[in-house]
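A.B. asks: Chains as they are written, first to last, in my numbering: chain A, 984 to 1182; chain B, 984 to 1182.
Protein chains: 2
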Amino acid sequence: MSVSQNIKDPIREEILRGATELFERYGFKKTTMEDIARQIGKSKSALYYYYKTKEEIFEAVVLQEIDKQRMEASAAMKKVETAPEKFRILFTSLLAGVKEKANKFSLFRAEVYENPFLLNNTMKLRDSYVEEQLRDILILGISRQEVKMMNSSEIGLWAKMVNLTMRSLGSKLFLEDDWNISKEQLAFLADTLFQGVAR
Amino acid sequence: MSVSQNIKDPIREEILRGATELFERYGFKKTTMEDIARQIGKSKSALYYYYKTKEEIFEAVVLQEIDKQRMEASAAMKKVETAPEKFRILFTSLLAGVKEKANKFSLFRAEVYENPFLLNNTMKLRDSYVEEQLRDILILGISRQEVKMMNSSEIGLWAKMVNLTMRSLGSKLFLEDDWNISKEQLAFLADTLFQGVAR
DNA sequence: TTTAGACTATTTGTATGAATTAGTCGAAAA
DNA sequence: TTTTCGACTAATTCATACAAATAGTCTAAA
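1. Distance cutoff 7 Å, beta carbons only. Does threonine 1105/A sit that close to anything in chain B?
2. Taking Cβ positions only, does phenylalanine 1091/B come closer than 7 Å to chain A?
3. Glutamine 1128/A versus chain B: which residues are under 9 Å apart at the beta carbon?
4. Mind checking if arginine 1148/A is an interface residue toward chain B, Cβ cutoff 7 Å exclusive?
5. Could you work out which residues of chain B lie near leucine 1211/A, taking near to mean beta carbons separated by less than 8 Å?
6. Of all Cβ atoms in chain B, is any one closer than 7 Å to the Cβ of glycine 1124/A?
7. Jot down the residue ranges of each uninterrupted alpha helix (DSSP H) in the stretch 1067 to 1113 of chain B, minimum 4 residues, whole runs only, in chain order.
8. Check each candidate in Asn1086/B, Asp992/B, Arg1053/B and Arg1182/B and name the one with the smallest Cα separation from arginine 1127/B.
9. Helix, strand or coil: which one does DSSP assign to valine 1180/B?
10. Going by DSSP in three states, valine 1130/B sits in which element: helix, strand or coil?
11. Glycine 1024/B: buried (16+ other C-beta within 10 angstroms of its C-beta) or exposed?
12. For valine 1045/B, is the classification buried or exposed, using 16 other Cβ atoms within 10 angstroms of its Cβ as the cut-off for buried?
13. Exposed or buried, arginine 1008/A, counting other C-beta atoms within 10 Å across all chains shown (16 or more means buried)?
14. Just how far apart, CA to CA, sit glutamate 1159/B and glutamate 1097/B?
15. With a Cβ-Cβ cutoff of 7 Å, do leucine 1117/A and alanine 1142/A count as a contact?
16. Starting from serine 1154/B, trace the alpha helix (DSSP H) both ways and give me its first and last residue.
17. Against chain B, with Cβ distances strictly below 7 Å, would phenylalanine 1171/A count as a contact?
18. For the stretch 1032 to 1047 of chain A and the stretch 1063 to 1073 of chain A, state whether three or more C-beta atom pairs, one from each stretch, are separated by less than 8 Å.
19. CB-CB under 8 Å to threonine 1105/A, same chain, minus the five flanking residues each way: which ones, in chain order?
20. Taking serine 1111/A as the reference, which of Met1144/A, Leu1101/A, Gly1124/A and Asn1086/A has the closest Cα?
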């Protein structure tokens, strides 16, 4: 299920399309509400009819991107059977995806650097989603006897800590351009991490 | 061997003592060179005789703190025999230490938030040290048959990735006060991580 | 070799007014 | 009723100029 609120509305979609394009090109601050309105040929109040604040539009844009990532990861995970494989894919595709977004929205990375709160809400949502996925993978692994027996609090702790790890790695990958980690290296880390709970 | 340059000089030590106290209380920016000079009852040029810039003093202060941490970690590691235990201690004590420093130098955390480059150089030094320690632990583990056979490039990769993980976790722990991870949780993560290379 | 104290050049802070811009509102169009 | 417009406001940001603070230098002396 998608996290973002009903974007079904074609006008909401239009707003997000326009906003995404402008944010990509000019960043968050330099894109004014009037810019966005002009971009889609409407007036400012139309925007405010659909979104309460500029931040809300921004968050919707980010959520859309996160959703995309998530769908990609899910699709790739469906193609494999085992828990360790699923984990590796989740780990590498989410982290590699972060790097990608960092390049795509390069301007805007500097802004996040200065105002980390911009991503606070969306990242929290993302976190709880990832943690859930991690738990699911672990449970699947246990049922497939690929993972050692763990009680639910151990499962929860593992998911929490791995999520924390992913999140902190992700934020470094996003913010520091000199962190060049290949997908292979990420996969190695993922495998090592998962080996720790393997049977 | 200590990373910091010869602090043997009693006056250098005095400067660092004074600077540390002031940085702790007022942060980096609000502490002027004259403040430091006054604190130790000397004039500004005395400071510049021993250190080229204010940043250099700052880095020396940070290096001192890092050295302390390192010594503590080393001492604690000596008390145990096995590689997994050593790893757990290194992992938890360095990361818990980061949290401690964050509280001690609380003002200054905000400054690092805005000028991450302040810590760039020192963190690089720290990185290479930690990576080395990680390799050593792994090699010890292999010789003790606690760790599976790995060739040197695998060892290097493992050390690199674990170091990356520690670094990114550390920076989050340092910067975000709402990240409260207990030492037990850190230990759990350390153990999981190490299990991944265990025999 | 080390220190003091005056000196400079640069950075930082502040005050103020102008310009932008996020967000509101009432009326009109669809 | 739902959606849009354009004028409006209040708050924030920006530009400028001026004042203060401060990092770093230099010369002479201890």
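Glycine is no exception: its CB is placed at the ideal position from the N, C-alpha and C atoms.
C.D. replies: If we stick to the structure as given:
1. no
2. Chain A, which has no Cβ nearer than 7 Å to the Cβ of phenylalanine 1091/B, makes this no.
3. Near glutamine 1128/A there are no residues of chain B at all, since even the closest Cβ is about 17 Å away, more than 9 Å.
4. With the sequence shown as reference, residue 1148/A is identified as threonine, and arginine is not the correct amino acid for it. Yes, because at least one Cβ of chain B sits closer than 7 Å to the Cβ of threonine 1148/A.
5. In the structure displayed, chain A extends from 984 to 1182; residue 1211/A sits before or after that span and is not available.
6. No, glycine 1124/A lies away from the interface with chain B (no Cβ there is under 7 Å from its Cβ).
7. Here the runs fully enclosed are 1089 to 1097.
8. Arg1182/B
9. coil
10. strand
11. exposed
12. buried
13. exposed
14. Those two C-alpha atoms are separated by around 13 Å.
15. yes
16. 1135 to 1158
17. yes
18. no
19. Glu1042, Val1045, Leu1046 and Ile1049
20. Met1144/A
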